[in-house]
Ligand code: NAP
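Structural data, given as structure tokens:
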């Protein structure tokens, strides 16, 4: 596939292979962009903004509604691309493709709800003769940088609201999974998006990141990815708006009165969805001592039924990690935990990029897999008996995206909801539950600002005040 610069799909001699991590076959190639390509993208995006800022809300919404329709007609094609270039099984990929239709549709709906307010000028002496209001205006060029784990829907979470708001966009998709993103841009152009409203620059973040991030023509960076890249980007950005959706180490409390069937099923799925490469994937299970053994038994039984392997087979539950290198990293983190006293309850084996769904107990607080985001198919078990201590443990790490609790006691649920330090608390769901239109984001190292279409639109617009001085009224 090609990248999109100045309204043209362009190729370069220097190419990057896009590889299916299950069998290492090359699915396609994309050009490896350089600094000159970045300059062309930036200049074209500025031209694009001159067009997009004059488009009506109606026109912006119509393009997005049409794109959502086109996508819904091609769901299986999109699901197959997601499943081939990334880690997801075809079942997981279908879910992502249909969520993407919802993300684009909600962006169109939210475009029609960009609102302002009349300002009460007479609320301070001297303002009596003034009348006016504020309305929200687009920001300008938005640089969207996206990760590999939801290669379509997380791109839609940036392009949908950016277009709805009237901005132009430069998209830099993850190098390992650029194909779904490029296909989505094709659909948006087919739906009528003006040619310079969007640029797609494919290439390594380490090469094209700095020239794009540090350029003053970019007025906002919307980044989803890991903390390390996030810190680097924040350091290079200069004075511009930054939205950051970063990683986590999600805690789930299973209280003694939990519905165990529900908790086990939800936590197994939440731990191993997309081979654990999921920003809201369950990483720490804090289980009440009264039900610990029963929960553990049922969790292991269900995990052991998981079919791992070929992503395109209908009955596969979990695919490979994104690269063998990542699977080796997880293997090393598990070894490190075992060296520090952890016990492997199930899993702990690797074959190429396939790492078996794994559960550990008896974790040392020094183990990397306890403190850092694992972003792989492993989950840690901890025994608890006191709610305050469990909440303190959940809050003890420098992340805070989503947290969760299973309980049938409303007092316990409310206490956890108020005291857990994070961007959202799920009650009787694992952390792996997200509605695309809910405010989504984290505290501490989990991020800055919120996505979720209405909330992204707030971030991607600025209020402008319009004030009439009317001395003769
Ligand atoms: P990553 O390595 O941080 O990469 C994310 C994106 O940033 C990629 O497009 C990458 O490009 C780019 N990038 C890397 N270094 C850059 C630089 N110096 N300048 C500009 N761009 C740069 O993350 P990942 O491995 O793809 O994704 C996993 C991470 O994303 C996890 O930490 C996960 O929790 C997080 N995530 C968060 C959310 C959320 O909503 N909070 C959702 C999904 C994922 P290359 O691909 O070329 O390196």
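In the working numbering, the protein residues as written are 832 to 1304. All C-beta atoms, glycine included, are put in the ideal place defined by N, C-alpha and C.
Which value, in whole angstroms, describes the spacing of the CA atoms of residue i and residue j?
i            : j            : result
residue 1177 : residue 1259 : 24 Å
residue 1034 : residue 847  : 8 Å
residue 1262 : residue 1197 : 24 Å
residue 1130 : residue 1172 : 21 Å
residue 1238 : residue 1118 : 11 Å
residue 1067 : residue 1052 : 11 Å
residue 1203 : residue 1128 : 26 Å
residue 1136 : residue 1100 : 12 Å
residue 936  : residue 1245 : 33 Å
residue 1082 : residue 1251 : 10 Å
residue 910  : residue 895  : 20 Å
residue 991  : residue 1195 : 43 Å
residue 1019 : residue 980  : 21 Å
residue 914  : residue 1106 : 12 Å
residue 934  : residue 1062 : 27 Å
residue 874  : residue 1133 : 54 Å
residue 891  : residue 1220 : 50 Å
residue 1097 : residue 1089 : 12 Å
residue 969  : residue 995  : 9 Å
residue 950  : residue 956  : 14 Å
residue 887  : residue 1161 : 49 Å
residue 854  : residue 993  : 36 Å
residue 908  : residue 1015 : 11 Å
In chain order, what residues of the same chain have a beta carbon less than 8 Å from the beta carbon of residue i, not counting five sequence neighbours either side?
i            : result
residue 1039 : 864, 865, 866, 868, 869, 1003 and 1032
residue 905  : 1018
Just to confirm my understanding: we take residue i, look at its own chain, exclude 5 residues before and 5 after, and list those with CB closer than 7 Å. What are they?
i            : result
residue 1199 : 1164 and 1167
residue 1138 : 1146, 1147 and 1148
residue 1228 : 1080 and 1202
residue 1257 : 1233, 1235 and 1264
residue 1143 : 914 and 921
residue 962  : 952, 1299 and 1301
residue 923  : 1104 and 1105
residue 884  : 969 and 997
residue 1304 : 960
Indicate whether residue i and residue j have their beta-carbon atoms separated by less than 8 Å.
i            : j            : result
residue 1236 : residue 1247 : yes
residue 1283 : residue 1302 : no
residue 1254 : residue 1233 : yes
residue 835  : residue 1030 : yes
residue 1126 : residue 999  : no
residue 1111 : residue 1085 : no
residue 802  : residue 1054 : Lying outside 832 to 1304, the shown extent of the chain, residue 802 is not represented and no answer is given.
residue 1153 : residue 918  : yes
residue 1276 : residue 985  : no
residue 1026 : residue 838  : yes
residue 1291 : residue 1013 : no
residue 916  : residue 849  : yes
residue 1191 : residue 1174 : yes
residue 1206 : residue 1116 : no
residue 1028 : residue 877  : no
residue 939  : residue 987  : no
residue 1208 : residue 1180 : no
Along the chain, where does the beta strand (DSSP E) that runs through residue i open and close?
i            : result
residue 1298 : 1292-1300
residue 1206 : Element bounds for residue 1206: n/a, residue is neither H nor E.
residue 975  : 972-976
residue 1055 : 1049-1055
residue 1072 : 1072-1076
residue 1159 : Not the beta strand (DSSP E): residue 1159 falls in the alpha helix (DSSP H), residues 1155-1170.
residue 1235 : 1233-1237
residue 1255 : 1255-1258
residue 1113 : 1113-1119
residue 859  : 857-862
residue 999  : 999-1003
residue 1190 : 1189-1192
Need the endpoints of the alpha helix (DSSP H) that residue i sits in, please.
i            : result
residue 934  : 921-942
residue 848  : Taken as a continuous stretch (DSSP letters only), residue 848 belongs to no alpha helix (DSSP H), being part of the beta strand (DSSP E) at 846-850.
residue 984  : 984-996
residue 1044 : 1036-1044
residue 1108 : No alpha helix (DSSP H) holds residue 1108; DSSP gives it neither H nor E.
residue 1249 : 1241-1250
residue 914  : 906-916
residue 1124 : 1123-1135
residue 1222 : 1218-1225
In chain order, what residues of the same chain have a beta carbon less than 6 Å from the beta carbon of residue i, not counting five sequence neighbours either side?
i            : result
residue 1102 : 1113 and 1210
residue 1286 : 1270
residue 1011 : 912, 913, 982 and 983
residue 1050 : 970, 971, 972 and 1071
residue 1056 : 978
residue 1243 : 1086
residue 966  : 947
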